[in-house]
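Contents: one structure, followed by commentary.
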Amino acid sequence: MNDDETLMSVFARGSARTCGPVERGAAAEAFEELFRRYKQPLYGFFRRRTGDAARADELTQECFLALLESGERYRPTATFRTFLYAIGLNLVRADRRKTVFRAMFSGDSKTETGSDPRTELSLLVRDALGRLDRVEREMLMLREYEELSYGEIAEVLQVPVGTVRSRLFRARAALRDVWQAAPADPIHVAARQGGRA
Amino acid sequence: MTTLAAAAQHIQDEDLMALVDGELTGTELTRVEEHLAACGQCTAGVAALRDTQLTLRTWSVDTVPQGVADDVLAHLKAWNSGEATAARKAPAASRRKWWAWGGAAGALATGVFATLLLVTSGGRSSRPIESLGKQQTLEATVPAGGVMAGAPAPVKAARAAAVDSLQQDQAAPAPAASAAVAGMARSEAMLAQPAAAEPQRTVRPIGGGGRTGRPATAELNAPMIARTVSLSLTVRDVERSRDALEGLLRGYGGYAAEMNVSTPEGGVRTLTASLRVPANNLRGMLAELKGYGKVEDETQSGEEVGQQHADLAARLNTSRQSEERLRGILKTRTGDVADVLQVEEEISRVREEIESMEAEQQGLEHSVNYATVELQMDEEGHNTVATRTVGSRLWEGARHGWNNAAEALVGLVLFVLEYGLAIVCVLALLGLPAWLLWRRWKKVRTRR
Ligand SMILES: [Zn+2]
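Protein sequence lines correspond, in order, to chains A and B. For the first sequence, our numbering begins at 6 and goes up steadily by one. For the second sequence, our numbering begins at 165 and goes up steadily by one.
The following block contains the structure:
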């Protein structure tokens, strides 16, 4: 079985302007396999970082199309996952800017309704993550949900590995503080969430 | 004395975290593991960290919609059959003549305008994915040389921007450590992986879930039914019912996973809540709850999750066995460091799998032990709209208008603050070709 980087290299080769139909076919196959592997993780990535499911759909699609158009720019120095999630982060940032802009015209400030109302714990989780420092939250999410290594997080966020380690530690400590300070009864969390929506 | 000596050797919290994250390797890993085997305090620290991790992973997401997949694959097909070549020839074509820049500027202006439209038309449902797809395939067939061939310019620009800012990333050499770890994770050659049902590491959706450590219980024989009741009531006073509800929940050992009270303008106040009640107390609580008002609607359902639970238990068993086997390999292995690292990597992967399955299992158990009540309470309708006077409605309207105006103004200021520089750049970009065009036109005229 091929690893992500090999697939991406095959795809990159087939993206060259001068390549023949055979290379191109192989590239399309490689891309399809990468898509199969990453559609769900990438959707989760956007779903946890945007307000509603429709945006997550669009961003997931955008991200793969960006990938489709940027085969020639991939350099094997980066792992495929860091390449993909770095594109994803850029799209999320751009989308957040747009959302601000949008909200002031439509007056629609509804943000998060949650992806799974059944699990009350996930409410606690989102609430607590929302209180973290922006960068630390991103690091923690990349670690826990995208399962990136410290080195990969460092690459995606353009910071030294040591910084990732120390700030991740701080984020987790902060998270525990939030949970310990929160009342044991989740009703308060739910009420806060409801009040914000 | 002895405690002091022991304390001095405790593993630092940050190293414990690195262990849980699978970031420790080689001698460092050995040192930490040896210490953990003997030290309850540090082991507890690791357990707490794992607990945090599990709690975080209870935030699951739904599966990616089929529409997204279909659309991307449709684009891929177009790409493969070479339809996208039009887009790729475009840059060469646009270099032809200086006046092409004028065209480009016009296109850009259209693009900027379209972006603004696109952005402002937002709200709930922005552009549907299917229609976007169609639009792009259509434009991809525009003959080469069209400056805007391919995706609509703003969309394309956004995508390119998302990739462009990566260029420095790639120029910078990958940190050696990360490359090593990443490479390790990926070279899956030497290990047989009985537990690796999924080749890649995905974030698996996890049900509810709670704390670690509890082994799979022997409740397997009893039917496992996750009960859900949805109940809709009309009550006198929502606020008062809500207070009573909180007391009721406490009394029955339940809690609200979610509770919202909404008061629409001139409408009927509504409370919606998702309650969790110990399954044994469901009947009693429902009976009391129905006493709050008039029952408009009630449905009860139960889902048998026993099979799911049993499947999980079986998978867990397999994973635990493979973890044990891997640990065995680690003990007997004397081979080279890279192999050892790979086994360790594999162990931590299996470990993660086990933990997420345990969480899922506990989520299932939780859904059986705690029934779900989806509750809706509407206040008895006083039709406020009809009774409002013209004066009060005018006043309301004026107030609204003022609020909207103020909001728009604040928004505009924010927008200028955030995009001001970009706007100036765009204007300069548009202005320059226009100016050139104008100068040339004047020159032509004076010559004539
Ligand atoms: Zn210790």
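Yeah, the Cβ is synthetic: ideal placement off N, Cα and C, and Gly gets one too.
Beta carbon proximity, residue i to chain B, threshold 9 Å
i, result
"Thr-55/A", "no"
"Gln-102/A", "The identity of residue 102/A in the sequence shown is Arg, whereas the question assumes Gln. Cβ-Cβ to chain B under 9 Å: yes for Arg-102/A."
"Gln-66/A", "yes"
"Ala-17/A", "no"
"Gly-135/A", "no"
"Val-130/A", "yes"
"Ser-14/A", "no"
"Asp-138/A", "no"
"Ala-186/A", "no"
"Arg-142/A", "no"
"Asp-62/A", "yes"
"Gly-30/A", "yes"
Rounded C-alpha distance that separates residue i from residue j
i, j, result
"Trp-184/A", "Asp-138/A", "16 Å"
"Leu-72/A", "Arg-42/A", "14 Å"
"Ser-486/B", "Glu-510/B", "10 Å"
"Ala-5/A", "Pro-229/B", "Only positions 6 to 202 of chain A appear in this structure, which leaves residue 5/A out of reach."
"Ala-338/B", "Gly-93/A", "Only weak support exists for where Ala-338/B lies, its pLDDT of 36 falling under 50; the value from the coordinates is given anyway. Going by the C-alpha atoms only, they are around 19 Å apart."
"Leu-47/A", "Tyr-90/A", "8 Å"
"Glu-544/B", "Leu-439/B", "22 Å"
"Leu-593/B", "Ala-586/B", "10 Å"
"Leu-435/B", "Asp-461/B", "15 Å"
"Asn-424/B", "Ala-437/B", "6 Å"
"Ala-83/A", "Val-441/B", "49 Å"
"Glu-538/B", "Lys-454/B", "13 Å"
"Glu-468/B", "Tyr-534/B", "14 Å"
"Glu-38/A", "Gly-418/B", "46 Å"
"Gln-472/B", "Asn-568/B", "52 Å"
"Arg-86/A", "Ala-133/A", "26 Å"
"Leu-180/A", "Arg-172/A", "12 Å"
"Ile-493/B", "Asp-179/B", "24 Å"
"Glu-157/A", "Glu-67/A", "22 Å"
"Arg-52/A", "Val-225/B", "7 Å"
"Gly-209/B", "Arg-98/A", "35 Å"
"Ala-324/B", "Gly-76/A", "12 Å"
"Gly-25/A", "Leu-218/B", "48 Å"
"Met-449/B", "Ser-531/B", "17 Å"
"Met-388/B", "Leu-413/B", "23 Å"
Test: residue i CB closer than 9 Å to a CB of chain A
i, result
"Ala-474/B", "no"
"Ala-211/B", "no"
"Lys-241/B", "yes"
"Asp-177/B", "yes"
"Thr-427/B", "no"
"Tyr-456/B", "no"
"Leu-505/B", "no"
"Trp-559/B", "no"
"Pro-442/B", "no"
"Pro-229/B", "yes"
"Ser-224/B", "yes"
"Asn-615/B", "Residue numbering for chain B in the displayed model covers 165 to 612; residue 615/B lies beyond these limits and cannot be assessed."
"Gly-584/B", "no"
"Thr-216/B", "yes"
"Glu-529/B", "no"
"Glu-516/B", "yes"
Beta bridge counterpart(s) of residue i as assigned by DSSP
i, result
"Gly-466/B", "Arg-391/B"
"Val-425/B", "Leu-435/B"
"Ser-405/B", "Answer is none; Ser-405/B lacks a bridge partner."
"Ser-396/B", "Asp-461/B, Gln-540/B"
"Leu-420/B", "Note that residue 420/B is Ala in the sequence shown here, rather than Leu. Paired residues: Leu-439/B."
Residue i (DSSP reduced to helix, strand or coil)
i, result
"Val-441/B", "strand"
"Leu-237/B", "helix"
"Ser-245/B", "coil"
"Ala-202/B", "helix"
"Glu-152/A", "coil"
"His-174/B", "coil"
"Val-228/B", "coil"
"Cys-24/A", "coil"
"Thr-191/B", "helix"
"Asn-568/B", "helix"
"Arg-53/A", "coil"
"Gly-455/B", "coil"
"Gly-545/B", "coil"
"Asp-138/A", "coil"
"Arg-221/B", "coil"
Open item on the list: Please give me, in chain order, every unbroken run of the alpha helix (DSSP H) with length at least 4 that falls completely inside the stretch 466-543 of chain B.
Closed with: Whole alpha helix (DSSP H) segments, 4+ residues: 470-496, 501-533.
TODO: Identify every run of the beta strand (DSSP E) within the stretch 66-111 of chain A, keeping only runs that are complete inside it and at least 3 residues long; order them along the chain.
DONE: Segments of the beta strand (DSSP E) lying fully in the stretch 66-111 of chain A: there are none.
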